[in-house]
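Residue numbers (my numbering): 762 to 1006.
Heads up, the thing below is written out as structure tokens.
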């Protein structure tokens, strides 16, 4: 899913609902740690501890970089350094695998640019590594309507204007759920909530913060959808710019 679509929140929700320990093997989180051949020790130890303390969730963000072959530009440890060690632990050529289904260890990968795995072998390795692939789309009009309503009420606006919410839902097309959450949080600060009784809230207060958020452009959304449909072996026709199907 695109940035702000709720990938990290979903990972944390899975761990919280299962009462699981969360281990982070994201490349940016492990950069500079266990360099060179010690990377195997990092991966093996993480999986071994996750197995010893079930249930566990092992999270890999920026997953596309882990499966993209080639060396890192500018030097330093490449993001794909852990994939061969993951494969060695999970699907060894000899001997039993380190993890079995009954060990209750779930490996979750998230990506906002899965289409960066351009080479056929990289794409296949990426797709086949995970048992299931879920797509987190941008919120549609009804979802944005509910989201604006819920967030405004949560932050202290008791009765949001229905017409204004509908307008917000229209102009916030192509913005992620995370962006909408950021807008409401920036507009309805603690000081502003304290003044609501004296100065009623206006939807115009959200326009400025919304304009500072980065929208998810049509071509990016289309690339994500196309990649996801490719994993399902079905065709894809990008939606028209006007929002039609």
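Note that the Cβ used here is the ideal one computed from N, Cα and C, for glycine as well.
On a predicted model such as this, the values are computed, not experimentally measured, just so you know.
Item: Would you tell me roughly how many angstroms separate the C-alpha atoms of residue 816 and residue 867, rounded to the nearest one?; Value: 8 Å
Item: In this structure, what does DSSP give as the bridge partners for residue 964?; Value: Paired residue(s): none; residue 964 is not in a bridge.
Item: Assuming residue 826 contacts residue 985 under a Cβ cut-off of 8 Å, what Cβ separation, rounded to an integer in Å, is found between them?; Value: Going by Cβ atoms, the distance from residue 826 to residue 985 rounds to 16 Å, so no, they are not a contact pair.
Item: Go ahead and label residue 993 buried or exposed: buried means 16 or more other beta carbons lie within 10 angstroms of its beta carbon, across all protein chains shown.; Value: exposed
Item: Three or more C-beta pairs under 8 Å: does that hold for the region 953 to 962 against the region 907 to 919?; Value: yes
Item: What are the uninterrupted segments assigned as beta strand (DSSP E) that are 3 or more residues long and contained completely in the region 804 to 879, given in chain order?; Value: 817 to 821 and 866 to 870
Item: Is residue 883 buried or exposed, if buried means 16 or more other CB atoms sit within 10 Å of its CB?; Value: buried
Item: Return the chain-ordered list of same chain residues with a C-beta closer than 7 Å to the C-beta of residue 891, the five sequence neighbours on each side being excluded.; Value: 870
Item: With DSSP collapsed to three states, give me the class of residue 785.; Value: strand
Item: Could you spell out where the alpha helix (DSSP H) holding residue 979 opens and where it closes?; Value: 979 to 992
Item: Going by C-alpha distance, which of 886, 855, 973 and 934 is nearest residue 900?; Value: 934
Item: Excluding sequence positions up to five away, which residues of its chain have a Cβ less than 7 Å from the Cβ of residue 807?; Value: 784, 786 and 819
Item: Do residue 887 and residue 989 have their CB atoms nearer than 8 Å?; Value: no
Item: Given 8 Å as the limit, is there contact between the region 841 to 856 and the region 901 to 909, that is, 3 or more CB pairs closer than that?; Value: no
Item: Alpha carbon to alpha carbon, how far is residue 1001 from residue 893?; Value: Summary for residue 1001: the model assigns pLDDT 49, below 50, so the residue's position carries little reliability; its value from the coordinates is reported in the next sentence. Their Cα atoms are separated by approximately 28 Å.
Item: Under a three-way DSSP split, which group does residue 910 fall into?; Value: helix
Item: Under a Cβ-count criterion, where at least 16 other Cβ atoms within 10 Å of its own Cβ denotes burial, should residue 846 be classed as buried or exposed?; Value: buried
Item: Give the straight-line distance between the Cα atoms of residue 904 and residue 767, rounded to the nearest whole angstrom.; Value: 14 Å
Item: Going by the beta-carbon positions, is the gap between residue 925 and residue 981 smaller than 8 Å?; Value: no
Item: Could you give the first and the last residue of the continuous alpha helix (DSSP H) run that contains residue 958?; Value: That residue, residue 958, is in no alpha helix (DSSP H); it is neither H nor E in DSSP.
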